[in-house]
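Under the UniProt record's numbering, the residue at position 127 of the sequence shown is numbered 127, and the numbers go up by one with no gaps. Here is the structure we will look at, set down as structure tokens.
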Amino acid sequence: DQESSALIRMYLNGDFGSKPEDVNACAASIFYAVDRYASYMTDWREYYQRGGVILSDRYTTSNAVHQGAKLPPERQPAFFDWLYDLEYVKLGLPEPDLVIFLDVDLATSERRMAHRREKYGTGGDIHENDAEYLQHCLDTGRRAAAHYGWRVVDFMKDGLEREVDEKHEEIFRIVREALDG
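Structure follows, in structure tokens:
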């Protein structure tokens, strides 16, 4: 864990309140934005500026989903714009060329989180322990994907989890198209 993630750890551990909405969307977003800025400046800026390709499973887009979920749907587009201005304009972080949203239903997400907690002997954070909040995140992610034109990969098909290879092939095809485009 980096020093820059101290506020994130405190937030997720419940030091500022036991529910995600105990910390407003903007404050929590700033915690993550500062950590991303520190990571960019110390870990990957030079590589990126030399033309390197960066794949990230958590970036500003995750903030849009997780913090935007704290707001009513009609306020989310303005929040997304504020967040993107903060991170991409004011902090100067690179804007992604491609965002892939893996659309996973809540029951499957909860099952996978429970398996991970059992496997690693860890407890959930204030996000993972709040099913209603997680459903809001899923709904917000779908709205953000539509708002920004993210590519959506469905985790399920006809009520069943798609095979790993099938999801992998679709994601790989999308990434390859972006790199070739």
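Beta carbons are placed, not taken as given, at the ideal position from N, Cα and C, and that holds for glycine. Predicted, not measured: the structure shown is a model, and the values here were computed from it.
Assigned secondary structure, D81 (DSSP; H/G/I helix, E/B strand, else coil): Within the sequence shown, numbered from 1, the residue matching residue 81 stands at position 81. In this structure, D81 counts as helix in the three-state DSSP scheme.
Opening and closing residue of the alpha helix (DSSP H) in which V175 lies: By 1-based counting over the sequence shown, the position of residue 175 is 175. Start and end: 164 to 180.
Rounded straight-line distance, which links the Cα of D105 to that of F31: Position 31 of the sequence shown, counted from the start, is the residue given in the question as residue 31. Position 105 of the sequence shown, counted from the start, is the residue given in the question as residue 105. About 27 Å.
Rounded distance between the beta-carbons of S5 and D35, thought under 8 Å: Position 35 of the sequence shown, counted from the start, is the residue given in the question as residue 35. Position 5 of the sequence shown, counted from the start, is the residue given in the question as residue 5. That belief holds up - the Cβ atoms of D35 and S5 are roughly 5 Å apart, short of 8 Å.
Alpha-carbon spacing of residue 184 relative to E166, whole angstroms: With the chain running from 1 to 181 in the structure shown, residue 184 is simply not present.
Cβ neighbours of G141 in the same chain (closer than 7 Å, five flanking residues each side left out): Sequence index remark: in the sequence shown, residue 141 carries index 141 (1-based). Around G141: V65, F101.
Reference D85, options A114, C26, P20, R9, closest by Cα: Residue mapping note: residue 85 aligns to position 85 of the sequence shown, counting from 1. Taking only the C-alpha atoms, the option nearest D85 is C26.
Span of the beta strand (DSSP E) around V23: On the sequence shown, position 23 is the one that residue 23 refers to. Here V23 belongs to no beta strand (DSSP E), and DSSP marks it neither H nor E.
The alpha helix (DSSP H) enclosing R151, as first and last residue numbers: As a position in the sequence shown, residue 151 is number 151, starting the count at 1. Annotation: R151 is outside any alpha helix (DSSP H); the continuous beta strand (DSSP E) that includes it extends over 151 to 154.
Coarse secondary structure for D103, derived from DSSP in three states: In the sequence shown, residue 103 corresponds to position 103, counting from 1. Three-state result, D103: strand.
Assigned secondary structure, L71 (DSSP; H/G/I helix, E/B strand, else coil): The residue given as residue 71 occupies position 71 in the sequence shown. L71 falls in the coil class under three-state DSSP.
Range covered by the alpha helix (DSSP H) that runs through T140: The residue given as residue 140 occupies position 140 in the sequence shown. Under the DSSP assignment, T140 falls in the alpha helix (DSSP H) whose first and last residues are 131 to 148.
E118, DSSP secondary structure in three states: What you label residue 118 is simply residue 118 of the sequence shown in a count that begins at 1. In this structure, E118 counts as helix in the three-state DSSP scheme.
Under the three-state DSSP convention, the category L86 falls into: Here residue 86 is taken as the residue at index 86 of the sequence shown, counted from 1. In the three-state reduction of the DSSP assignment, L86 falls in the helix class, which pools H, G and I.
With 16 other Cβ atoms within 10 Å as the buried cut-off, status of E46: For this step, residue 46 is matched to residue 46 along the sequence shown. Its Cβ having fewer than 16 others within 10 Å, E46 is exposed.
Inter-stretch contact at 8 Å, needing at least 3 Cβ pairs: the segment 10 to 18 / the segment 111 to 127: Cβ pair count under 8 Å is three or more, so yes.
Beta-bridge pairing of L160 - partner residues as DSSP gives them: Along the sequence shown, one-based indexing puts residue 160 at 160. K157, per the DSSP bridge assignment.
F80 burial status per 10 Å Cβ neighbour count (16 or more: buried): Along the sequence shown, one-based indexing puts residue 80 at 80. F80 comes out buried.
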